[in-house]
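Trainee: Quick one: structure below, then a few questions.
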């Protein structure tokens, strides 16, 4: 790969990203290949279901779908950093970020996430939990029943107190 392309791929573009319900569709741009800015009147008319993360931050469970290389990890890391910065001085907020591809077994995954100190404090207290889970597609390579494990663990939680972000690849979109 030419060095110019390699350096481009590592660049952190500060693009504003928009979210769309899976049940909706995104109308393609009219020219140039770029999405009409959903913050403008025309862009909103073209794609009325697109919203910023800030607009849906109070939704209790968010799942980010997208093709490989489209910036899901960057978007999740940015959202995690934003929540962390806004809540770092508050004692009743937990916002851990876990990379699901880092775990080789269901036991290791459950211990790291659901048995962690932060998670246990949230369960036994009045904390609000913002749990960021990234790289589901990579996690599925080593833990074939990862989605079933996550569903099982999440179903046992008091969901009225939590927010989940689970970015996944559309071809693996088992969390639909």
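In this note's numbering, the protein residues as written are 241 to 416. Glycine is no exception: its CB is placed at the ideal position from the N, C-alpha and C atoms.
Going by DSSP in three states, residue 356 sits in which element: helix, strand or coil?
Mentor: coil
Trainee: Are the stretch 346-360 and the stretch 328-338 touching, with three or more C-beta to C-beta distances below 8 Å?
Mentor: yes
Trainee: Would you mind working out which of 317, 369, 322, 373 sits nearest residue 343, comparing C-alpha positions?
Mentor: 373
Trainee: From which residue to which residue does the alpha helix (DSSP H) around residue 377 run?
Mentor: 376-382
Trainee: Counting pairs of Cβ atoms below 8 Å between the stretch 314-330 and the stretch 271-289, do you hit three or more?
Mentor: no
Trainee: So what does DSSP say about residue 416, is it helix, strand or coil?
Mentor: Caution is warranted here: a pLDDT of 38 is assigned to residue 416, below 50, making its placement in the model unreliable, and the coordinate value is therefore given only provisionally. It is coil, neither helix nor strand.
Trainee: How about residue 260 and residue 290: do their beta carbons lie closer than 8 Å?
Mentor: Pairing residue 260 with residue 290 gives a Cβ-Cβ distance under 8 Å.
Trainee: With DSSP run on the structure shown, which of helix, strand or coil describes residue 323?
Mentor: helix
Trainee: Among the residues of its own chain, which have a CB less than 7 Å from the CB of residue 296, if the five just before and after it don't count?
Mentor: 259, 302
Trainee: What residue does the alpha helix (DSSP H) around residue 284 start on, and which one ends it?
Mentor: Note, residue 284: alpha helix (DSSP H), 281-286.
Trainee: Looking only at its own chain, which residues have a Cβ that is under 6 Å from the Cβ of residue 257, when we skip the five neighbours before and after it?
Mentor: Around residue 257: 315.
Trainee: Residue 387 by DSSP, collapsed to three states: which one?
Mentor: In this structure, residue 387 counts as helix in the three-state DSSP scheme.
Trainee: Report yes if the C-beta distance between residue 293 and residue 340 is below 8 Å; otherwise report no.
Mentor: Cβ atoms of residue 293 and residue 340: not closer than 8 Å.
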